[in-house]
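Chemist:
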Amino acid sequence: MTMRRHPIAGNWASLLLPIAEDDSIDFEKLGEEIDLLIAAKVDGIYSNGTAGEFHNQTNAEYERIQEMLASRCRAAGMAFVIGACQPDPIIMLDRLRRATAHKPLAIQVILPDWWALTNLEAIDFLHRASETAEGIPLILYNPPHAKRVLSPAELSDVCGPCPSVVGMKIADGDDAWYAQARAYLGEFSLFIPGHHLATGIKQGVAAGAFSNVACLSPRGAQAWTKLMHTDINAALEIESRICAFMDSHIVPFRREHGYCNAALDKLLAAVGNWGPVTTRLRWPYRFIGEQEAKGLRDRARAMIPELFAR
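For the sequence shown, position 251 (counting from the first letter as 1) is numbered 251 according to full-length UniProt numbering, and the numbering increases by one without interruption.
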């Protein structure tokens, strides 16, 4: 079995931005949210993913979000990852540089995205990012909506020469994809979509998830993740109902109405009703109404009661 570059793994909760009606970030509620995620005893908290609206904040806001996350997590002994993602490579390196001061467990980056990079350009970018990170491990985020979605073989070609890249957040696929992931990506910690995590664990591929299920229920997602290591068949049965809920009640907002993924994740958090985050996104992105979340709360608890058990 190939040794992984880094032991980072588990159920990671996304830091979602509480957005006020005037489009400002409500930092008081953000602090409350961090405290709730710490209390849920998730494996870690990560900032500035897609659901954290990294693409739509000022540098001053970026600084304040990371400072708040880092200080509260450090005081509580909670692992945290900072996202330095930005489509612009110069801004991304600057955010990466700022993130190093907080000494997170890892820093998440994307490949510059205005014009898709070739493999050689991607390697060059990751080398520069590695130098800027000053020894802090990197996680490459290559989502399905990236300009260029890399196959397992391409991910190996791009990340293999960059020892600082210890993991990647990617979409999974069918059995053939999993076979390719085992063949090419065994040394990396792979984070797959949260609602597929039991399948990824059974396939011997997933290390964990930066998880949409944790958006719905941080405590429930943590308990479900632990179950995967003691009763995988029970965890897979719960996964089938999580996927049924997503397919029937969440994905249609994207497929039929054009809402972005961040809108779906904030809807999940509002359905879970565990903290101060509403469905509101920052302008110009459209968000799903709170009444939709309220209407789905009973349905979620009926379909997947395990995620909401106290």
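Backbone N, C-alpha and C fix where the C-beta goes; we use that ideal spot for every residue, glycine too.
Going residue by residue through the segment 200-282, where are the continuous alpha helix (DSSP H) segments of at least 4 residues, counting only ones entirely within it?
Modeler: Counting whole runs of 4 or more residues, the segment 200-282 contains the alpha helix (DSSP H) stretches 212-216, 218-227, 232-245, 251-255, 261-272.
Chemist: Just to check my reading of the structure: lysine 294 and leucine 281 have Cβ atoms closer than 8 Å, yes? What is that Cβ distance to the nearest angstrom?
Modeler: Contact flag wrong, Cβ pair sits at about 18 Å.
Chemist: How about the segment 22-33 and the segment 233-242: do they share at least three Cβ pairs that are nearer than 8 Å?
Modeler: No, the segment 22-33 is not in contact with the segment 233-242.
Chemist: Quick one: complete beta strand (DSSP E) runs, 3+ long, within the segment 136-204?
Modeler: Qualifying beta strand (DSSP E) stretches, in chain order: 138-142, 165-170, 189-191.
Chemist: Roughly how far, in whole angstroms, is the beta-carbon of isoleucine 288 from the beta-carbon of alanine 263, given that I think they are within contact range, below 8 Å?
Modeler: Contact holds; Cβ gap of about 5 Å.
Chemist: Taking 8 Å as the cut-off, does the segment 133-141 touch the segment 156-173 (at least 3 CB pairs, one atom from each stretch)?
Modeler: The answer is yes - the segment 133-141 touches the segment 156-173, with three or more Cβ pairs under 8 Å.
Chemist: Are the CB atoms of proline 152 and glutamine 180 nearer to each other than 8 Å?
Modeler: Going by C-beta atoms, proline 152 is nearer than 8 Å to glutamine 180.
Chemist: Ends of the beta strand (DSSP E) at tyrosine 62?
Modeler: Careful: tyrosine 62 lies outside any beta strand (DSSP E), inside the alpha helix (DSSP H) at 59-76.
Chemist: Can threonine 199 and glutamate 239 be called in contact, C-beta distance under 8 Å?
Modeler: In this structure, glutamate 239 lies closer than 8 Å to threonine 199 by Cβ.
Chemist: Return the Cβ separation of glutamine 86 and phenylalanine 54 in integer angstroms, given the expectation that the two are a contact with Cβ distance under 8 Å.
Modeler: Going by Cβ atoms, the distance from glutamine 86 to phenylalanine 54 rounds to 7 Å, so yes, they are a contact pair.
Chemist: If we count the other Cβ atoms within 10 Å of its Cβ and call it buried at 16 or more, is aspartate 43 buried or exposed?
Modeler: Classification of aspartate 43: buried, given that the 10 Å Cβ count is 16 or more.
Chemist: Using a 10 Å radius around the Cβ and a threshold of 16 neighbouring Cβ atoms, would you call valine 81 buried or exposed?
Modeler: Buried is the call here.
Chemist: Quick one: using the 10 Å Cβ neighbour count with 16 as the cut-off for buried, is serine 130 buried or exposed?
Modeler: Buried.
Chemist: Kindly indicate which residue of Glu21, Ile136, Arg72, Phe191 has the alpha-carbon position closest to the one of glutamate 33.
Modeler: The shortest Cα separation from glutamate 33 among Glu21, Ile136, Arg72, Phe191 belongs to Arg72.
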